[in-house]
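Undergrad: Sharing a structure below in structure tokens format, with a few things to ask.
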């Protein structure tokens, strides 16, 4: 049995990635080292989208080998593409350690380019894992796509394997000339086991939690979780909620951001009832909101994936997602576990809300199907995909043949 020595370059510790790294580190065929370009999040930093300081309350650095690289950027930040991360140390790390493969998350920073060039120079297979969905790419101006296509195509010809997070991401790679035999599925996932356990532990306390939050027990709870920013379109949900004729409804917004004031002012102006704003909730706090929910909605205009949908599905929830949600084609089976609607179509969103609010049997059936589907989107599946990519290269040191 071959053991593969793998480097994985990531911008910073991410709550959704750490469990994957643990799974990879436990696999008998993977000797893993994670390289982080920034450690700001470990100290707590103000998140531009949430508008508040964020420091995750779950362990992010346990169960795997990692190293923080010194960042030489004059304006260090993970939210400043290209020059926000300049970590020259990745050159030495890749050159000296004789890895069997280098996995790079994305291509937005100088450090990514350094990693690609060093691995290619040393004839080490490079794998890309990124998030870009084709649907979002095609909303960009044509001139931008035309300018970008030769650059990405040139980069992609030097890459051995592409770790697709879902169908839209696979189509993105194919759009830029990557053949199917270079693409391996590593579906975007959350810690399913933890969230499903949270559901089991909390479901019998649903009414108690609603009471503590001041939500009447007879109300069907519609849940939004995320940043209150234009891209997430939280106002669409509020407008659809207002139009929905059902009376036994409540709307809970979990999160924060610069649009919160607009939302609250609209609620006050229109005298809308049973609309609640919780503020930012950390990882150990948010399960209590999923468990009181009856319907989950992601109305985004441009979402690379939408991992909150995975989380909601672990709580047996029917989901309503706009067609611009990157996860829509993977996680939402229309009229089986939820609905996909045209982004910005308030009438359609309102109709689907009313349909689910008024049909208990349908909500239960959709929720059961959600749980079934989301369990196929797991870290175990990710590791399987990575092993398949590694196995496909075991007889060759370097590939660039498309």
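Numbering (my numbering), first residue to last: 1 to 402.
Quick reminder that beta carbons are idealized off the backbone N, C-alpha and C, glycines included.
Leaving out five residues before and five after residue 8 in sequence, what residues of the same chain have Cβ atoms less than 6 Å from its Cβ?
TA: Here residue 8 is taken as the residue at index 8 of the chain shown, counted from 1. Within the same chain, residue 8 has close Cβ partners 34, 103.
Undergrad: When DSSP labels each residue in this structure, what does residue 303 get in the three-state scheme?
TA: For the purposes of this step, residue 303 is taken as the residue at position 303 of the chain shown. Strand at residue 303.
Undergrad: With 16 as the cutoff for other CB atoms within 10 Å, does residue 379 come out buried or exposed?
TA: Mapped onto the chain shown, residue 379 falls at position 379. So residue 379 counts as buried.
Undergrad: Are there three or more Cβ pairs, one per stretch, closer than 8 Å when the region 242 to 250 is compared with the region 314 to 326?
TA: no
Undergrad: Do residue 343 and residue 403 count as a contact pair if the criterion is CB distance below 7 Å?
TA: No answer is possible for residue 403: it lies beyond the span of the chain, which begins at 1 and ends at 402.
Undergrad: Assuming residue 188 contacts residue 305 (C-beta within less than 8 Å), just tell me the rounded distance between them.
TA: Along the chain shown, one-based indexing puts residue 188 at 188. Along the chain shown, one-based indexing puts residue 305 at 305. Sure, about 5 Å apart at Cβ, within 8 Å.
Undergrad: When we look at the beta-carbon of residue 407 and count the other beta-carbons within 10 Å, is it buried (16 or more) or exposed?
TA: Lying outside 1 to 402, the shown extent of the chain, residue 407 is not represented and no answer is given.
Undergrad: Can you say whether residue 182 is buried or exposed, counting buried as having 16 or more other CB atoms within 10 angstroms of its CB?
TA: Your numbering for residue 182 matches position 182 in the chain shown. Per the 10 Å Cβ criterion, buried.
Undergrad: What span of residues does the beta strand (DSSP E) with residue 1 cover, start to end?
TA: In the chain shown, residue 1 corresponds to position 1, counting from 1. Note, residue 1: premise wrong, no beta strand (DSSP E); not H, not E.
Undergrad: Considering residue 383, what are the terminal residues of the beta strand (DSSP E) in which it resides?
TA: The residue you call residue 383 lines up with position 383 of the chain shown. Not the beta strand (DSSP E): residue 383 falls in the alpha helix (DSSP H), residues 379 to 392.
Undergrad: Can you tell me where the beta strand (DSSP E) with residue 259 in it begins and where it stops?
TA: Here residue 259 refers to the residue found at position 259 of the chain shown. Note, residue 259: premise wrong, no beta strand (DSSP E); not H, not E.
Undergrad: My assumption, with CB atoms under 8 Å, is that residue 307 sits in contact with residue 16. Please give the rounded CB distance.
TA: As a working note, residue 307 is residue 307 in the chain shown. As a working note, residue 16 is residue 16 in the chain shown. The Cβ separation is near 6 Å, so the contact holds.
Undergrad: Quick one: give me the first and last residue of the beta strand (DSSP E) that residue 139 is part of.
TA: The residue you call residue 139 lines up with position 139 of the chain shown. Segment: none, residue 139 is in no beta strand (DSSP E) and carries neither H nor E.
Undergrad: My assumption, with CB atoms under 8 Å, is that residue 121 sits in contact with residue 314. Please give the rounded CB distance.
TA: As a first step, residue 121 is located in the chain shown; it is residue number 121 there, counting from the start. As a first step, residue 314 is located in the chain shown; it is residue number 314 there, counting from the start. With 8 Å as the limit, residue 121 and residue 314 do not qualify as a contact, their Cβ atoms being about 43 Å apart.
Undergrad: Buried or exposed, going by whether 16 or more other CB atoms sit within 10 Å of the CB of residue 417?
TA: No answer is possible for residue 417: the residues shown for the chain start at 1 and end at 402.
Undergrad: Comparing C-alpha positions only, which one of 295, 368, 391 sits nearest to residue 355?
TA: Locating residue 355 in the chain shown gives position 355, where the first residue counts as 1. The candidate whose alpha carbon is nearest that of residue 355 is 295.
Undergrad: Given a threshold of 16 other Cβ atoms within 10 Å of its Cβ, counted over all protein chains shown, does residue 353 qualify as buried or as exposed?
TA: As a first step, residue 353 must be located in the chain shown, where it is residue number 353. Buried is the call here.
Undergrad: Do the region 121 to 140 and the region 62 to 73 make contact, defined as three or more Cβ pairs closer than 8 Å?
TA: no
Undergrad: Helix, strand or coil: how does DSSP classify residue 31 here?
TA: Stepping through the chain shown from its first residue, residue 31 is reached at position 31. Three-state result, residue 31: strand.
Undergrad: Taking buried to mean at least 16 other C-beta atoms within 10 Å of its own C-beta, is residue 88 buried or exposed?
TA: The residue labelled residue 88 in the question sits at position 88 within the chain shown. When all chains shown are included, residue 88 counts as exposed.
Undergrad: Where residue 286 and residue 255 are concerned, what is the direct C-alpha to C-alpha distance, given to the nearest angstrom?
TA: Locating residue 286 in the chain shown gives position 286, counting from the first residue. Locating residue 255 in the chain shown gives position 255, counting from the first residue. C-alpha of residue 286 to C-alpha of residue 255: approximately 10 Å in a straight line.
Undergrad: At 3 residues or longer, what runs of the beta strand (DSSP E) sit wholly inside the region 119 to 166?
TA: 126 to 129, 161 to 164
Undergrad: Pick helix, strand or coil for residue 178, following the three-state DSSP scheme.
TA: Here residue 178 refers to the residue found at position 178 when the chain shown is read from its first residue. In the structure shown, residue 178 sits in coil (DSSP, three-state: anything other than H, G, I, E or B).
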